[in-house]
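Input: a single structure, listed below in structure tokens.
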Amino acid sequence: MSAEKARVLHDAQQQTQTQQQQTKVHVHKKKWVSTGEKALYTLVSSLAIAASVFIVSYSSSLDSMNRDIQKLEGNISDQKVVNENLQFKIKELSDPERILKIAKKNGLKIHQSKVKQADTVSGS
1 MSAEKARVLH DAQQQTQTQQ QQTKVHVHKK KWVSTGEKAL YTLVSSLAIA ASVFIVSYSS
61 SLDSMNRDIQ KLEGNISDQK VVNENLQFKI KELSDPERIL KIAKKNGLKI HQSKVKQADT
121 VSGS
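At position 90 of the sequence shown (counting the first as 1) the number is 90 in the working numbering, and the numbers step up by one without a gap.
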């Protein structure tokens with residue numbers, strides 16, 4: 001039986017040596033994408049995303065600014081119309097015939113084509 005035990009022990013040692021030899025063998029698998037490529041792809045995609053965000057935000061602010069400019073141009077044109085109307089009223093109100101008519105109505109006398117206030121009549 002000792003020969004049998006020796007065989008079993010020898011077989012067990014061979015199996016452990018075989019297992020140790022199998023674990024020592026390193027199989028180098030070729031990676032589909034290397035670590036450097038992963039870093040490069042990450043950097044490029046991050047830059048592309050950042051550029052996209054910048055372009056969208058710039059476009060949005062530009063659109064907002066254009067809308068504000070259009071509103072201001074509308075306000076300017078409205079104010080120009082108001083100014084033209086006021087200029088026309090100034091011309092109407094400063095008409096000499098109108099001034100003379102109002103002066104006569106209020107009892108003013110005209111001396112040398114100048115309008116002067118008449119003496120006030122004191123009533124009893």
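We put the CB at the ideal spot given by N, CA and C, even for glycine.
Values in this document were obtained by computation on a predicted structure and should not be read as measured data.
Local conformation of histidine 10 per DSSP, three classes: DSSP places histidine 10 in helix when its eight states are reduced to three.
Residue span of the alpha helix (DSSP H) that contains lysine 38, given as start and end: It spans 35-93 - the alpha helix (DSSP H) in which lysine 38 sits, taken as one unbroken run.
Nearest-angstrom Cα separation, counted from valine 33 out to leucine 40: Straight-line Cα distance between these residues: approximately 11 Å.
Span of the alpha helix (DSSP H) around lysine 30: Counted as a single uninterrupted DSSP element, the stretch harbouring lysine 30 is not any alpha helix (DSSP H), since DSSP gives it neither H nor E.
Bounding residues of the alpha helix (DSSP H) (the contiguous stretch that carries leucine 100): It spans 96-105 - the alpha helix (DSSP H) in which leucine 100 sits, taken as one unbroken run.
Alpha carbon of isoleucine 110 to alpha carbon of glycine 74, nearest angstrom: Cα to Cα, isoleucine 110 sits roughly 47 Å from glycine 74.
Straight-line gap, aspartate 11 to alanine 3 (C-alpha atoms, nearest Å): Rounded to the nearest angstrom, the gap between the Cα atoms of aspartate 11 and alanine 3 is 12 Å.
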